[in-house]
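Asker:
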Amino acid sequence: MRLSTLCMFTLITLLLASGCAQRPGIKDSTTTEDGRFRVTWWQTPPRPIEANSYFELFVEVEDLTDDEEPYDLRFDATMPAHRHGMNMVASPTRFTRDSWVVRDLLLHMPGEWVMTFDVTDQNGVLHRASETVILD
Amino acid sequence: MCMIAAMTVCLTLAASQTSDAADRLHAMAKSLSPVPPPPTNPTNAFALSPAAALFGQRLFFDPGLSRAGDVSCSTCHDPTLAFADGKQVAEGLNTGTINSPTILGAAHHRWLFLDGRADTLWSQALGPIENDLEMGSSRTDAVRHIAGNEILRAEYTALFGPLPDVENLDRFPVNARPGRPQWEAMGTEDQHAITSAFVNLGKAIEAYERLLQPGHSDFDRWVASIDAGTSSTELMSPAAHRGFGLFAGDAGCRQCHFGPMFSDLEFHDLALPPRDPAAAPLPGRGAGYELLRKREFAADGIWSAAPGSTKARRAAGARIGPEHWGSFRTPSLRNVAKTGPYMHAGQFETLSEVLAFYNTLDGQVRRHHHAESVLQPLNFTPDQLADLEAFLKALSGDPPAILLRKPRRSNGTEPPKSAE
Numbered sequence: 000m001r002l003s004t005l006c007m008f009t010l011i012t013l014l015l016a017s018g019c020a021q022r023p024g025i026k027d028s029t030t031t032e033d034g035r036f037r038v039t040w041w042q043t044p045p046r047p048i049e050a051n052s053y054f055e056l057f058v059e060v061e062d063l064t065d066d067e068e069p070y071d072l073r074f075d076a077t078m079p080a081h082r083h084g085m086n087m088v089a090s091p092t093r094f095t096r097d098s099w100v101v102r103d104l105l106l107h108m109p110g111e112w113v114m115t116f117d118v119t120d121q122n123g124v125l126h127r128a129s130e131t132v133i134l135d
Numbered sequence: 000m001c002m003i004a005a006m007t008v009c010l011t012l013a014a015s016q017t018s019d020a021a022d023r024l025h026a027m028a029k030s031l032s033p034v035p036p037p038p039t040n041p042t043n044a045f046a047l048s049p050a051a052a053l054f055g056q057r058l059f060f061d062p063g064l065s066r067a068g069d070v071s072c073s074t075c076h077d078p079t080l081a082f083a084d085g086k087q088v089a090e091g092l093n094t095g096t097i098n099s100p101t102i103l104g105a106a107h108h109r110w111l112f113l114d115g116r117a118d119t120l121w122s123q124a125l126g127p128i129e130n131d132l133e134m135g136s137s138r139t140d141a142v143r144h145i146a147g148n149e150i151l152r153a154e155y156t157a158l159f160g161p162l163p164d165v166e167n168l169d170r171f172p173v174n175a176r177p178g179r180p181q182w183e184a185m186g187t188e189d190q191h192a193i194t195s196a197f198v199n200l201g202k203a204i205e206a207y208e209r210l211l212q213p214g215h216s217d218f219d220r221w222v223a224s225i226d227a228g229t230s231s232t233e234l235m236s237p238a239a240h241r242g243f244g245l246f247a248g249d250a251g252c253r254q255c256h257f258g259p260m261f262s263d264l265e266f267h268d269l270a271l272p273p274r275d276p277a278a279a280p281l282p283g284r285g286a287g288y289e290l291l292r293k294r295e296f297a298a299d300g301i302w303s304a305a306p307g308s309t310k311a312r313r314a315a316g317a318r319i320g321p322e323h324w325g326s327f328r329t330p331s332l333r334n335v336a337k338t339g340p341y342m343h344a345g346q347f348e349t350l351s352e353v354l355a356f357y358n359t360l361d362g363q364v365r366r367h368h369h370a371e372s373v374l375q376p377l378n379f380t381p382d383q384l385a386d387l388e389a390f391l392k393a394l395s396g397d398p399p400a401i402l403l404r405k406p407r408r409s410n411g412t413e414p415p416k417s418a419e
């Protein structure tokens, strides 16, 4: 009994330590800094983002206060430690009222990237959500 | 019971940590080898044609494509020097400002030229023919050279159909290329016919270049042995093994030199000292991006076989930022022991000079405050630098000998149909 509990515990610790629990690109969610919108994103098809490999993001934006249709979404990603961004222009294409597809994304180096989702509301006010992903 | 269980777990953990480290290194090794076939290029319908590759190989070694008949692609991309030229900067009809890179593995690159001003190999190949620093000819004369040679004409027409009537010098004047009065004097249809044939030459050269894979190296043989379960350490010297550990670990090289080509295929500014301190600094990607925007032979242009392809769309989506000014594409490190001098302007003569630079970053010149900052001085010992160098030297391989020279008729391929 005790052995199997211990083994279970070890296994879970190892899994967590090796980062299997959460890989960037599967599905993630974050809210804009002011709490107005929830941004949920995943890679289509869902799989971890890899350094220097083109990918496509599906992004859903949910208005948590007014249930209003977001006006626009912009996406960008930078490597703050290296002081550079992506080498391609991200152009989100609207898919439905609340969702976008961003094709041909490329995070060309391993390391820490900050992805930003800028949601503009119907009054032209910008709400920023950001998420750090670490690629190895 | 409890004690035994705890000890087992501890031992398992300890063992799994060392084997974890080895596994990580092996996984990293496998992300660098073997070299897969180059990515497809739908913008060139002849990219995979063996007949086009044979014709392209003929063109590659043919000085007849230059103005005075004395410079061929192989002048600067010499097969005996791993398709580089051993010179600090290229010397064709005139002396250039850029070091001739190897073209082994060039088909893997996302952007061609060190500033990425071309997005396909076929469009790249058309540049040197009309560049006055290199071959100094014109597209009209290049097509005329094909028409005037029995073998070339036969191979061309079998692949691409009839050539324009370039013997008619009134319609197709000598030296006619865009920007010259001789070209402006030509009819639009004749211009179109010439450019169309010229593009075909580039597409054949690409078909040949795609076969120029970097070749199997000691490193590749070692990586293959991991999968075979032997992980033989005889395949690569102990120094190279230690060097690989540093390369993949503390040295941080794999931030930019990763994947089977040991390159992220993108652009960085190492703030290298200029070759000639008096000369104006080279803009690198800053200018390459502008040239890419204005290029005549774009992946999404009228000469492309697939202007709507993913490749074309991605090329059109390139972004330029202030950090790109003065940046150059990360070179492949495959065959690097054979391709000196190093860096875009041949700043360093030897690999140990390159590593001495990475070790201290001495001589770095920051040209603007938007520059990226990735490099940190390594502060390695001389022994560690020697290990890194041994690893770089384990990345050399040879492509098949049959690709290294002007093809002979009896190449195991169909003899060309005789000219009509």
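Residue numbers (numbering that gives the first Met the number 0), protein chains in the order written: chain F, 0 to 135; chain D, 0 to 419. Glycine included, each C-beta is placed from N, C-alpha and C at the ideal position.
1. Which two residues bound the contiguous beta strand (DSSP E) that contains D117 of chain F?
2. Per DSSP, what kind of secondary structure is V124 of chain F in: helix, strand or coil?
3. Please list the terminal residues of the continuous alpha helix (DSSP H) segment that includes S122 of chain D.
4. So what's Q212 of chain D in DSSP terms, helix, strand or just coil?
5. Can you give me the C-alpha to C-alpha distance between E183 of chain D and D140 of chain D, rounded to a whole angstrom?
6. Kindly say whether G248 of chain D, judged by its beta-carbon, lies nearer than 8 Å to any beta-carbon of chain F.
7. Consider the C-beta atom of R82 of chain F and the heavy atoms of the ligand PLP; say whether any pair is separated by less than 7 Å.
8. Listed in chain order, which residues of the region 287-319 of chain D have Cβ atoms closer than 7 Å to some Cβ of chain F?
9. Within the chosen definition, does the region 170-184 of chain D reach the region 91-103 of chain D through at least 3 CB pairs nearer than 8 Å?
10. Could you name the residues of chain D that R46 of chain F contacts, counting a contact when the two beta carbons are closer than 7 Å?
11. Where does the unbroken alpha helix (DSSP H) through P237 of chain D begin, and where does it stop?
12. If the cut is a Cβ gap below 9 Å, which residues of chain D does G110 of chain F touch?
13. Quick check for students: name the residue ranges of the alpha helix (DSSP H) that lie wholly in the region 273-297 of chain D, counting only runs of 4 or more.
14. Shortest alpha-carbon distance to T42 of chain D belongs to which of D:Q123, D:C72, D:M27, D:F356?
15. Can you name the residues of chain D whose CB is closer than 9 Å to the CB of D103 of chain F?
16. Short of 8 Å in beta carbon distance, which residues of its chain neighbour P100 of chain D, apart from the five on each side in sequence? Order them along the chain.
17. Which value, in whole angstroms, describes the spacing of the CA atoms of D103 of chain F and G300 of chain D?
18. Please decide whether R73 of chain F counts as near chain D, where near means a Cβ-Cβ distance under 8 Å.
19. CB-CB under 7 Å to V132 of chain F, same chain, minus the five flanking residues each way: which ones, in chain order?
20. Can you tell me whether T420 of chain D is buried or exposed, with buried defined as 16 or more other CB within 10 angstroms of its CB?
21. Is DSSP giving R23 of chain D helix, strand or coil here?
22. Taking only three categories from DSSP, how would you classify R152 of chain D?
23. Could you check the C-alpha separation between Q383 of chain D and A238 of chain D for me, to the nearest Å?
24. Check for me: the beta strand (DSSP E) holding L72 of chain F runs from which residue to which?
25. For H76 of chain D, which of helix, strand or coil comes out of DSSP?
26. Tell me whether H368 of chain D is buried or exposed, calling it buried when 16 or more other Cβ atoms sit within 10 Å of its Cβ.
27. Counting only C-beta atoms, is N86 of chain F closer than 8 Å to chain D at any point?
28. DSSP on A400 of chain D, reduced to helix/strand/coil?
29. What residues in its chain sit with their C-beta under 6 Å from that of D77 of chain D, if we drop five residues either side in the sequence?
30. For the alpha helix (DSSP H) that L269 of chain D lies in, which residues bound it at each end?
31. Excluding the five sequence neighbours on either side, which residues of its own chain have a C-beta within less than 8 Å of the C-beta of G283 of chain D, listed in chain order?
32. Near L63 of chain F, what residues of its chain come up, given a Cβ to Cβ distance below 8 Å and the 5 sequence neighbours on each side ignored?
33. Would DSSP call A20 of chain F helix, strand or coil?
34. Who are T138 of chain F's beta bridge partners in DSSP?
35. Is DSSP giving L5 of chain F helix, strand or coil here?
36. If contact is defined by three or more beta carbon pairs under 8 Å, each pair taking one atom from either stretch, is the region 115-134 of chain D in contact with the region 354-372 of chain D?
Answerer: Working from what's here:
1. Here residue 117 of chain F refers to the residue found at position 118 when the first sequence is read from its first residue. 110-119 is the extent of the beta strand (DSSP E) around D117 of chain F.
2. Position 125 of the first sequence holds residue 124 of chain F. Coil, per DSSP.
3. For the purposes of this step, residue 122 of chain D is identified with residue 123 of the second sequence, where counting begins at 1. Per DSSP, S122 of chain D belongs to the alpha helix (DSSP H) from 120-129.
4. Counted from its first residue, the second sequence places residue 212 of chain D at position 213. Correct three-state label for Q212 of chain D: coil.
5. In the second sequence, counting from the first residue as 1, residue 183 of chain D sits at position 184. In the second sequence, counting from the first residue as 1, residue 140 of chain D sits at position 141. E183 of chain D and D140 of chain D: Cα-Cα distance of roughly 15 Å.
6. Residue mapping note: residue 248 of chain D aligns to position 249 of the second sequence, counting from 1. False, the Cβ-Cβ gap to chain F never drops below 8 Å.
7. With respect to small molecules bound, the structure shown includes none, and the ligand PLP cannot be examined in it.
8. R312, R313, G316, A317, R318
9. no
10. On the first sequence, residue 46 of chain F is found 47 positions in, with the first residue counted as 1. Simply none; closest approach about 16 Å.
11. As a first step, residue 237 of chain D is located in the second sequence; it is residue number 238 there, counting from the start. Per DSSP, P237 of chain D belongs to the alpha helix (DSSP H) from 237-247.
12. Residue mapping note: residue 110 of chain F aligns to position 111 of the first sequence, counting from 1. Near G110 of chain F (Cβ distances below 9 Å), the residues of chain D are Q254, V373.
13. 284-293
14. What you label residue 42 of chain D is simply residue 43 of the second sequence in a count that begins at 1. Checking every option, the nearest Cα to that of T42 of chain D belongs to D:Q123.
15. Numbered from 1 along the first sequence, position 104 holds the residue referred to as residue 103 of chain F. What D103 of chain F touches in chain D: T309, R312, R313, G316.
16. Your numbering for residue 100 of chain D matches position 101 in the second sequence. These residues qualify, in order along the chain: A83, L113, P330, T338.
17. Locating residue 103 of chain F in the first sequence gives position 104, where the first residue counts as 1. Locating residue 300 of chain D in the second sequence gives position 301, where the first residue counts as 1. Near 19 Å, if we compare the C-alpha coordinates of G300 of chain D and D103 of chain F.
18. Indexing the first sequence from 1 puts residue 73 of chain F at position 74. Chain D contact via Cβ: absent.
19. Reading the first sequence from its first residue, position 133 is the one you call residue 132 of chain F. Only P23, I48, W112, M114 meet the Cβ criterion.
20. Chain D is shown only over 0 to 419; residue 420 of chain D falls outside these bounds and no answer can be derived.
21. Position 24 of the second sequence holds residue 23 of chain D. Looking at R23 of chain D - three-state DSSP - the assignment turns out to be helix.
22. Walking along the second sequence from the start, residue 152 of chain D turns up at place 153. Three-state DSSP puts R152 of chain D in a helix.
23. Counting from 1 along the second sequence, the entry for residue 383 of chain D is found at position 384. Counting from 1 along the second sequence, the entry for residue 238 of chain D is found at position 239. Cα to Cα, Q383 of chain D sits roughly 9 Å from A238 of chain D.
24. Taking the first residue of the first sequence as position 1, residue 72 of chain F is located at position 73. L72 of chain F -> beta strand (DSSP E) spans 71-78.
25. By one-based count along the second sequence, residue 76 of chain D stands at place 77. H76 of chain D: coil per DSSP, three-state reduction.
26. Mapped onto the second sequence, residue 368 of chain D falls at position 369. With fewer than 16 Cβ atoms within 10 Å of its Cβ, H368 of chain D is classed as exposed.
27. Translated into positions along the first sequence, residue 86 of chain F becomes position 87. At least one chain D Cβ lies under 8 Å of N86 of chain F.
28. Translated into positions along the second sequence, residue 400 of chain D becomes position 401. DSSP places A400 of chain D in helix when its eight states are reduced to three.
29. For the purposes of this step, residue 77 of chain D is identified with residue 78 of the second sequence, where counting begins at 1. Only D84 meet the Cβ criterion.
30. Within the second sequence, residue 269 of chain D is the residue found at index 270, counting from 1. Taken as a continuous stretch (DSSP letters only), L269 of chain D belongs to no alpha helix (DSSP H), as it is neither H nor E.
31. In the second sequence, counting from the first residue as 1, residue 283 of chain D sits at position 284. L113, D114, F266, D268, H323, W324, G325, S326, F327, H343, listed in sequence order.
32. Numbered from its first residue, the first sequence carries residue 63 of chain F at position 64. Contacts found: T30, G34, R35, F36, R37.
33. The count along the first sequence starts at 1 and reaches residue 20 of chain F at position 21. Residue confidence is low: A20 of chain F scores 35 on pLDDT, short of 50, so the model does not pin down where it sits. No coordinate-derived value is stated.
34. Not covered by the structure: residue 138 of chain F. The range shown for chain F is 0 to 135.
35. In the first sequence, the residue the question calls residue 5 of chain F occupies position 6. Note that L5 of chain F scores 48 on pLDDT, short of 50, meaning its location in the model is unreliable; the coordinates nonetheless yield the value given after this. Three-state DSSP puts L5 of chain F in a helix.
36. no
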